[in-house]
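Structure first, commentary second.
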Amino acid sequence: MKVPLEWLKEYVDIEMEVERLADLLTNTGTEVVSIEYPGKEISGVTIGIIKEIHEHPHAQNLRVCKVDWGEREGEIVCGAPNIFPHAKVAVATPGSTLACGRKIMEEEIRGVKSQGMICSGQELGIGEEESGILILDMDDPVGEDFARRYHLGEAVLELDITPNRPDCLSIVGIAREIAALTGITYRYPSFEVEEEAEPIDEHFSVEILDTDLCPRYVARMIVGITVTDSPLWMQMRLKLSGIRPLSNVVDCTNYVMLELGQPLHAFDAEKIAESRIIVRRARRGEVMVTLDGVKRALGEEDLLICDPSGPIALAGVMGGENTEVSETTRKILLESAYFSPPAINRTSRKLDITSEASYRFSRGVDPSGALMAANRAVQLMKELAGGMIYANAIDQYPRKIHPVNINLRPMRASQILGAEIERSWIVSTMQALGLKRLQGESGGDAIGFEVPTFRPDLEREIDLIEEIARIYGYWEIPATLPASRARAGKLSLAQRRKRSLSQLLTGLGLNEVISYAFVSSEKNRYFSGDGKEIKPVRLANPLSEEMAEMRTTLYPCLLNVLVHNFNRGIDDVAIFEMGRIFRERSEEKLPEEKLMLGIALMGDWEPRQWDVSARRADFYTMKGIWERMLEEFRIKDGRLKKTERSYFHPQLAVELINGGETLGEMGALHPLLLKRWELPDGVVAMQLDLDLFLTQGVKEAIYREIPKYPSIHMDLSVVVPEKVEVETVIDVIRSHAGELLDSVRLFDLYRGEQVGEGYKSLAFRLVFLHPRRTLKEEEAKSSMQRILNGLRERLDARIRE
Amino acid sequence: MVESLEDRVIPEEIREDAEARELALQAWEDIRRAANEAELEAIRVAYLGKKGKVTEILQRLKSLPAQERPQAGKVGNSLKKLLEEWLGEKRTSLERVLTEKTLREELFDISLPGRYLPRGRRHLISRTMEEIEDVFLGLGYEIVEGPEAELDYYNFQALNFPEDHPSKSMQDTFFIHREGIPLGEVILRTHTSPVQVRVMESRKPPLFVISPGKCYRSDVPDATHSPMFHQVEGFAVDQGITFGDLKGTLEYFARAIFGEERQVRFRPHFFPFTEPSAEVDVSCFICEGEGCRICKYTGWLEILGSGMIDPQVFSYVGYDPERYSGFAFGMGVERIAMLKHGIPDLRFNFENDLRFLTQF
Ligand SMILES: [Zn+2]
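Listed in order, the protein sequences are those of chains A and B.
Residue numbering for the first sequence follows the working numbering, starting at 1 and increasing by one per position.
Residue numbering for the second sequence follows the working numbering, starting at 1 and increasing by one per position.
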């Protein structure tokens, strides 16, 4: 909300600097977003009067005006169509500055010397682009500084009012708030309604059919008005407050809304059938045309203002086209009502209309203020548009809204806030906020208060405690830490391991990514190839088809990242993501969420260097990562199991197993899938269930004795048929070695002429060790002999000497 | 090897025996001149070999009269020992010179790049989140996570959001579509605060908990909006927790994250689930409070929302508000990360461009 300081000062005497005021408001919950000074550049613009108008000798569309601006007269060339003799205008005299900072000098325009410029609203920073100049009020004094008279260059505060404070959505409301903060007094506008016509109820009636949605409806009527522009001072205040002036009648309603916070609506009373208003809910399927010309479909939850022939306004939201005030309107019915906030909120959201009125009604206006606002507005109309006001107001208030009473315990306030707050200070502060102290004892140390109806946010003791804190000053409350109890701030095992796993992976050269958890249905389907039925979680209101479902695996997200980088010339990518996947569960409302680790490797794992050639990331790189992960958590029985996935290479696809439990899977992505994603061949990926993985393995490692005795190394080279897997060979070695074999490691794999087609040569390093004494070479040799025999018998292996 | 014999100590028995002295001087000169290992070996043989000059002296002993033998033996042995010592020294010296020469002959280019070693980065958001977690771990908090797909009850209702609150609309919140369940009952959580309710529902105070995680709002991605983002929610519930405790805790946090010298400001605000509520600002660390584009010329940066837990929330979880009080706070991880690192566009966080990721 924008508040011109000059207007605010009409209701409260502000002595302090505007910056201090802004700080005070911000620190007590009414955030001042900005302080602006519209028109602060303007200088030397003076109020003048056009004495004579002559044709320009050389230009058809220009005229030469003789203008008197007090200190002297001068001739000014002007192109505006709306000038007329005796018009009061804003004159930019030679040496003056306009809102945009432009300096005005005497200059020759098409051969005629112009001694200044007659300004448009835009040039003065108070209007949109228009061809005409600004016409001032007839009683504006010639020779007075324009900016000073119209308060240009004075501060306008932009406030951010929180939704719980509808009482602050007006100038008087802000004045009241400042008064409570500073202890000074504020005042309402002073006026008297001059009633001249007959009593309104002899000519008009209002009937409320739904008193839940419309507890109060006030109407006043005025006849014989002339609809025209409102005076410039009013237009200026509206403009500075962010509202476009329309006509004197409508401007009056907006002006009073800004002033008092009560939205008002002016109907052309002669267009209301039978001079009768009925407030009711819309019927199912009912339609009406609002004054923006849009046909609105309504439902039973919408509240309507109707006449006997049908709707004439969408209550609290927007007027109807059929009763709109026009230039020919003579008689006005003015509405000032209190509508149920949730109802107005619902309708305005449903129809997507936010007006200044609906904004205030949705948050809750003061039900007690309806009559005063109607009086204020109808009197203003009379002053600006002429006419006679009907005596009395119609005031239907079938469901009276009573003030709330609250008991406040000062002790409780001190306990919650952690500051000692004086009882007497509390009482005077509450009174400054407009609360009435109730007499009679409320029991114990409690004090009873009656809350004014303009503060619907104050319902409970805690609400009053908040008010105390706010006015006392958050900055005054001493900062402490909770009285200590023995607490250990500690990560759980899974949380700790998640961190160390991230460190391991980054240490191995992988970069962590975080993706949106939404993917397209199609992309989810690419990765549903493990045979099990997966029900994805669908969004009812996705941003796009690309984001229609929650991911059922991390793969689409990882591949999106590969694609993004590959398309930007980054070919070598090693990434991981730790994030949740989602699957619908038939037995529960909430979907299943699992924390997964996803890894994807593309391109070179190690780049080519000056003396080492590049190494591609492949299945075995990924297997290496898996092995490092097992090692990290001291998991002994981790192994791979061959599997089939539609998205993996038919041979390079495995499940990751520990102790009979499948923790995840990895594989080389199928070349056809990669083609569809326009990615290069050879991408490998892994997905692992972290909820399972992070709690596996040895939690606390127990010391094992370091071998005291020397070990004996022996190398073994065997030729076996291609189809024999290394693991099989190792199994045979282990099963024939006896207890002395400590470890066996493959260090060479060779295929070629020397071993013959269909065969491969494998070289292993075997380490023999005796735990309790020095091993004798013969013992190792005899173990080796058993191994060799075993390999020959079981695998038909040839031993290379 | 010291080149001058004057600096050497020659045992007395050699100095006093003319023959031995002469032999020592001669050997010294020979050894000094030796240019390589082979020459040195020849010298060794000439003096200490089977037919070497010193060996000869020792062999002569047998033919000497008995009373002269001890003295002559002493001289001979002393001479042998002396020459062995000199030879050893020379050998070491020759080896050093030779090695030094070889090392200097080989060509190196120390400007060649260091060998490739793997280097990956944590995501900026994860790092920032951990940084925040660590501050609260230090204050004795524990970490609890909750579901990202959440019931309306936990996300809104039990947090005292009114039934018609604007953020409950489909324009703001992602609704999950599911046969047989009313639209809006299951949503993607819009903040991590539901964890507050879940924890309180299942446990009793004292509770000192933070809950980091992903949240979702149906915003089209742009420089300042994202349909997914991260929050850290925290809360403390115990007997006697005060608004002053909230201030102290969050001041401690703000200084730990943004620097010891930061000013911290608490502004009254409104949230449905806290009362009184406060927004927390730190003095702008970019302009030091002078006013700049980042702080919108206010000198302050808003970093989190907080407040005393509303008694209404306690009543939803069955706590007695007369007995317990507590505070809660929530902050956007992206905002904190972006402020600290000067990142201009929220989308960078989720594009996962390696040129972005590897900067942090
Ligand atoms: Zn700044």
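C-beta atoms are modelled at their ideal positions from N, C-alpha and C, and glycine is treated no differently.
None of the values given here were measured: they were computed from a predicted structure.
Using the beta-carbon of each residue, which ones in chain B are nearer than 7 angstroms to residue i?
i, result
"residue 162 of chain A", "269, 270"
"residue 541 of chain A", "170, 174, 175, 218"
"residue 506 of chain A", "120, 121, 122"
"residue 26 of chain A", "267"
"residue 607 of chain A", "116"
"residue 564 of chain A", "351, 352, 353"
Interface residues of chain A around residue i at Cβ under 9 angstroms?
i, result
"residue 181 of chain B", "589"
"residue 65 of chain B", "Those within 9 angstroms of residue 65 of chain B in chain A number zero; the least Cβ separation is about 57 angstroms."
"residue 141 of chain B", "487, 489"
Is the beta carbon of residue j closer than 7 angstroms to that of residue i?
i, j, result
"residue 267 of chain A", "residue 323 of chain A", "yes"
"residue 343 of chain A", "residue 314 of chain A", "no"
"residue 121 of chain B", "residue 358 of chain B", "yes"
"residue 513 of chain A", "residue 556 of chain A", "no"
"residue 280 of chain B", "residue 301 of chain B", "no"
"residue 401 of chain A", "residue 367 of chain A", "yes"
"residue 232 of chain A", "residue 137 of chain A", "yes"
"residue 339 of chain A", "residue 214 of chain A", "yes"
"residue 147 of chain B", "residue 593 of chain A", "yes"
Since residue i is in the beta strand (DSSP E), which residue starts that stretch and which ends it?
i, result
"residue 300 of chain B", "300-309"
"residue 341 of chain A", "Careful: residue 341 of chain A lies outside any beta strand (DSSP E), inside the alpha helix (DSSP H) at 341-350."
"residue 235 of chain B", "228-238"
"residue 109 of chain A", "107-109"
"residue 78 of chain A", "73-78"
"residue 411 of chain A", "Taken as a continuous stretch (DSSP letters only), residue 411 of chain A belongs to no beta strand (DSSP E), being part of the alpha helix (DSSP H) at 410-417."
"residue 748 of chain A", "741-750"
Return no unless some Cβ of chain A is closer than 7 angstroms to the Cβ of residue i.
i, result
"residue 123 of chain B", "yes"
"residue 164 of chain B", "yes"
Between residue i and chain B, is there a C-beta pair that is closer than 7 angstroms?
i, result
"residue 513 of chain A", "yes"
"residue 495 of chain A", "yes"
"residue 157 of chain A", "no"
"residue 474 of chain A", "yes"
"residue 462 of chain A", "yes"
"residue 185 of chain A", "no"
"residue 48 of chain A", "no"
"residue 478 of chain A", "yes"
"residue 502 of chain A", "yes"
"residue 593 of chain A", "yes"
"residue 360 of chain A", "no"
"residue 537 of chain A", "yes"
Where do the ends of the alpha helix (DSSP H) carrying residue i lie?
i, result
"residue 429 of chain A", "423-432"
"residue 764 of chain A", "Element bounds for residue 764 of chain A: not the alpha helix (DSSP H) but the beta strand (DSSP E), 759-768."
"residue 356 of chain B", "354-357"
"residue 18 of chain B", "18-33"
"residue 173 of chain B", "Careful: residue 173 of chain B lies outside any alpha helix (DSSP H) and carries neither H nor E."
"residue 251 of chain A", "248-260"
"residue 363 of chain B", "Because chain B is modelled from 1 through 360, residue 363 of chain B falls outside the range shown and cannot be assessed."
"residue 649 of chain A", "No alpha helix (DSSP H) holds residue 649 of chain A; the beta strand (DSSP E) holding it covers 648-658."
"residue 676 of chain A", "671-676"
Could you work out which residues of chain A lie near residue i, taking near to mean beta carbons separated by less than 7 angstroms?
i, result
"residue 325 of chain B", "416"
Name the chain A residues that come within less than 8 angstroms of residue i, Cβ to Cβ?
i, result
"residue 345 of chain B", "By Cβ distance, chain A contributes nothing, its closest Cβ being about 15 angstroms from residue 345 of chain B, past 8 angstroms."
"residue 138 of chain B", "489"
Measuring only from the beta carbon, is residue i closer than 6 angstroms to any heavy atom that is part of ligand 2?
i, result
"residue 161 of chain A", "Inclusion of ligand 2 in the displayed structure is not the case, the ligand content consisting of ligand 1 alone."
If the cut is a Cβ gap below 8 angstroms, which residues of chain C does residue i touch?
i, result
"residue 112 of chain B", "Of the chains in the structure shown, none is chain C; the protein chains are A and B."
Just to make sure I have the definition right: I need the residues of chain B whose C-beta is within less than 8 angstroms of the C-beta of residue i. Which are they?
i, result
"residue 189 of chain A", "Here the premise fails: no neighbours, minimum Cβ distance about 28 angstroms."
"residue 481 of chain A", "139, 245, 248, 249, 252"
Handout entry: beta strand (DSSP E) segments (min. 3 residues) lying fully within the segment 200-234 of chain A
Key = 205-208, 216-223
**Item:** In chain order, each alpha helix (DSSP H) run of at least 4 residues that lies wholly inside the segment 504-529 of chain A
**Value:** 521-526
Which ranges would you report for the alpha helix (DSSP H) in the segment 307-386 of chain A if only whole runs of at least 4 residues count? 341-350, 356-363, 370-385
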